[in-house]
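*Asks:* In my numbering, the protein residues as written are 70 to 554.
What follows is the structure, encoded as structure tokens:
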């Protein structure tokens, strides 16, 4: 669960609190099962197959789908890495350190701590930084929150001022920053690097559950701090970027609040930058067959560490471009992650129902149903964003209700068809298998699954729709940059 509350997440949660009060806290509660379900499936895939996420997609679904999946990852991860350096720059800028100094120093430090060739040393470094996340607790307390309102807005969905295209874009950003596609690649490869086997899956599951809860508690604390810190002031509803949030909290609450927020932002940027870059390097190594492990030194894995260093350097350079709209860039990247998440989750769901690679560790039926509902809700959010972007005067609440009903019926029908297909494709049904010792055969020996025509058409339709949704997301962001609602 390293890196879930990254710099982009800090900015997004602060934006939600500053612009909408605590009215969006319910989104964080709903995202807890989404986070746990996706990460737990990656844990099983990593422990049972011993193969990274990118390579599994490439080998099981072919070069076309592998290129789509990993291509999305590379583009999105690079943009996400830029937001991590934006966070680092703004955090240190609060303390008076110029980006011309802070960004290069941070880039060198990130590279240095990762190229040691020791996974345990890297892990200890990450745990030390993760402990700094605890500053979110005093930050939330010093703004004197109304806990009755916090509980109400956590349990009762609503949007302060009503649901419109801008609020919907922020909700999708919250989804994208909390359950980002890069986390799937990172989690699976990290499980492999930790040398987790099926015998230890239950322990790793608890680690995932605890990490997910801590992640969402930290996110809630940030949202609460911004909501109550700015409530009733001239800065309420005036989010621009995370640096301005730190300065604003110092102004309206006190210097301690601004400093705590800046420290959290810096910490999140460092953790996120390491995790996102490693996820990309892991995937690149998977696809191109390079050695890729933190257990290997630079001499043994030159390509792996070279990609890592190049990504860090390039992202750091972009952040130094003057007068860039940093807050809007950050929200746009998180929203793009939310739009692309359904595709990543569908690939994950298909892999976790593949008996040839997971044997007795495939998804139980209840988990497939839950994952299908998750995909449906994610598609609903992006579909409403598409409609409200094309028709800005439409009532977003009515659109959500109408499309939600249609999508529910469609997902139920597809779910029934898919479950029938999965039962027909179950070569291990009825066999007694030892879950604690079962491992996938060498990947080259595992027969590639044959997709039904309906599944191919469904995946092509999903892919086409997500491309349209991503394009319209860009349109929406440009509209916001130009000051249009």
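Built from N, CA and C at the ideal position, the CB exists for glycine as well.
Decide if residue 306 is buried, meaning its Cβ has at least 16 other Cβ atoms within 10 Å, or exposed.
*Replies:* Residue 306 comes out exposed.
*Asks:* Verify whether the separation of the beta carbon atoms of residue 289 and residue 450 is less than 9 angstroms.
*Replies:* Cβ atoms of residue 289 and residue 450: not closer than 9 angstroms.
*Asks:* Comparing the C-beta of residue 419 with each C-beta of chain D, is any distance below 9 angstroms?
*Replies:* Annotation note: the requested chain D is absent from the structure, which comprises a single protein chain.
*Asks:* Name the two residues that bound the continuous alpha helix (DSSP H) containing residue 130.
*Replies:* Note, residue 130: alpha helix (DSSP H), 122–130.
*Asks:* If you draw a straight line from the C-alpha of residue 212 to the C-alpha of residue 100, how long is it?
*Replies:* Straight-line Cα distance between these residues: approximately 25 angstroms.
*Asks:* Check whether the segment 308–325 and the segment 97–116 touch, using three or more Cβ-Cβ pairs below 8 angstroms as the test.
*Replies:* Output reads no: the segment 97–116 does not touch the segment 308–325.
*Asks:* Would you mind stating whether residue 180 and residue 378 have Cβ atoms separated by less than 9 angstroms?
*Replies:* Going by C-beta atoms, residue 180 is nearer than 9 angstroms to residue 378.
*Asks:* Relative to the alpha-carbon of residue 255, which residue among 123, 140 and 331 has its alpha-carbon at the smallest distance?
*Replies:* The option with the nearest alpha carbon to residue 255 is 123.
*Asks:* Report buried or exposed for residue 281, applying the criterion of at least 16 other Cβ atoms within 10 angstroms of its Cβ.
*Replies:* Classification of residue 281: buried, given that the 10 Å Cβ count is 16 or more.
*Asks:* For a quick check, are the C-beta atoms of residue 546 and residue 397 less than 9 angstroms apart?
*Replies:* Yes, the Cβ-Cβ distance between residue 546 and residue 397 is below 9 angstroms.
*Asks:* Is the distance from the Cβ of residue 75 to the Cβ of residue 341 below 9 angstroms?
*Replies:* Yes, Cβ-Cβ distance for residue 75 and residue 341 is below 9 angstroms.
*Asks:* Mind pulling the alpha helix (DSSP H) runs of 4 or more residues that sit fully within the segment 235–280?
*Replies:* The qualifying runs are 250–262.
*Asks:* What is the DSSP secondary structure of residue 109, counted as helix, strand or coil?
*Replies:* In this structure, residue 109 counts as helix in the three-state DSSP scheme.
*Asks:* Would DSSP call residue 30 helix, strand or coil?
*Replies:* Coverage of the chain is limited to positions 70 through 554, which leaves residue 30 absent and any answer about it impossible.
*Asks:* Just how far apart, CA to CA, sit residue 149 and residue 387?
*Replies:* Whole-angstrom Cα-Cα distance: 12 angstroms.
*Asks:* Have a look at 196, 446 and 330 and flag the residue whose alpha-carbon is nearest the alpha-carbon of residue 103.
*Replies:* Out of 196, 446 and 330, 446 has the C-alpha closest to the C-alpha of residue 103.
*Asks:* Would you mind giving the Cβ-Cβ distance between residue 242 and residue 407, rounded to the nearest angstrom? I have them listed as a contact below 8 angstroms.
*Replies:* Right, the Cβ-Cβ distance comes to about 6 angstroms (below 8 angstroms), so this counts as a contact.
*Asks:* Alpha carbons only, please: which of 270, 222, 535 and 89 is nearest the one belonging to residue 299?
*Replies:* Taking only the C-alpha atoms, the option nearest residue 299 is 89.
*Asks:* Between the beta-carbon of residue 106 and the beta-carbon of residue 436, is there less than 9 angstroms?
*Replies:* In contact: residue 106 and residue 436 (Cβ atoms closer than 9 angstroms).
*Asks:* Give a yes or no on whether the C-beta atoms belonging to residue 207 and residue 409 are separated by under 9 angstroms.
*Replies:* No.
*Asks:* What does the alpha-carbon distance come out to for the pair residue 519 and residue 297?
*Replies:* C-alpha separation (whole angstroms): 54 angstroms.
*Asks:* What's the gap between the Cα of residue 130 and the Cα of residue 277?
*Replies:* Looking at the two C-alpha atoms, the distance is approximately 27 angstroms.
*Asks:* On the criterion of 16 or more Cβ atoms from any shown chain inside 10 Å, does residue 86 qualify as buried, or is it exposed?
*Replies:* Under this definition residue 86 is a buried residue.
*Asks:* Quick one: Cα of residue 126 to Cα of residue 524, how far?
*Replies:* Going from the Cα of residue 126 to the Cα of residue 524 covers about 15 angstroms.
*Asks:* DSSP three-state call for residue 199: helix, strand or coil?
*Replies:* Helix at residue 199.
*Asks:* Could you tell me whether the Cβ atoms of residue 400 and residue 238 are closer together than 9 angstroms?
*Replies:* Contact: yes.
*Asks:* Is DSSP giving residue 285 helix, strand or coil here?
*Replies:* Of the three classes helix, strand and coil, the one that applies to residue 285 here is helix, per DSSP.
*Asks:* Looking at the secondary structure, which residues open and close the alpha helix (DSSP H) in which residue 505 lies?
*Replies:* Counting along the chain, residue 505 falls outside any alpha helix (DSSP H), and DSSP gives it neither H nor E.
*Asks:* With distances taken between CB atoms, is the gap from residue 415 to residue 444 smaller than 9 angstroms?
*Replies:* Yes, they are a contact pair.
*Asks:* What residue from 405, 118, 199 and 246 has the CA that sits closest to residue 260's CA?
*Replies:* Cα-wise, what sits closest to residue 260 is 118.
*Asks:* Could you please give the first and the last residue of the uninterrupted alpha helix (DSSP H) stretch that includes residue 92?
*Replies:* Unbroken run through residue 92: none, as it is neither H nor E.
*Asks:* From residue 404 to residue 380, what distance separates their C-alpha atoms?
*Replies:* The alpha-carbon atoms of residue 404 and residue 380 are separated by roughly 21 angstroms.
*Asks:* Measure the beta-carbon distance from residue 234 to residue 458 and round it to whole angstroms, keeping in mind my assumption that it falls under 8 angstroms.
*Replies:* Going by Cβ atoms, the distance from residue 234 to residue 458 rounds to 6 angstroms, so yes, they are a contact pair.
*Asks:* What separation, rounded to the nearest whole angstrom, lies between the Cα atoms of residue 328 and residue 162?
*Replies:* Straight-line Cα distance between these residues: approximately 11 angstroms.
*Asks:* Quick one: measure Cβ to Cβ for residue 310 and residue 512, integer angstroms, because I've assumed they're closer than 8 angstroms.
*Replies:* Incorrect: roughly 44 angstroms between the Cβ atoms, too far for contact.
*Asks:* Can you name, in chain order, every residue of its own chain whose Cβ lies under 6 angstroms from the Cβ of residue 258, other than the five neighbours on each side?
*Replies:* Taken in chain order, the residues that qualify are 121 and 351.
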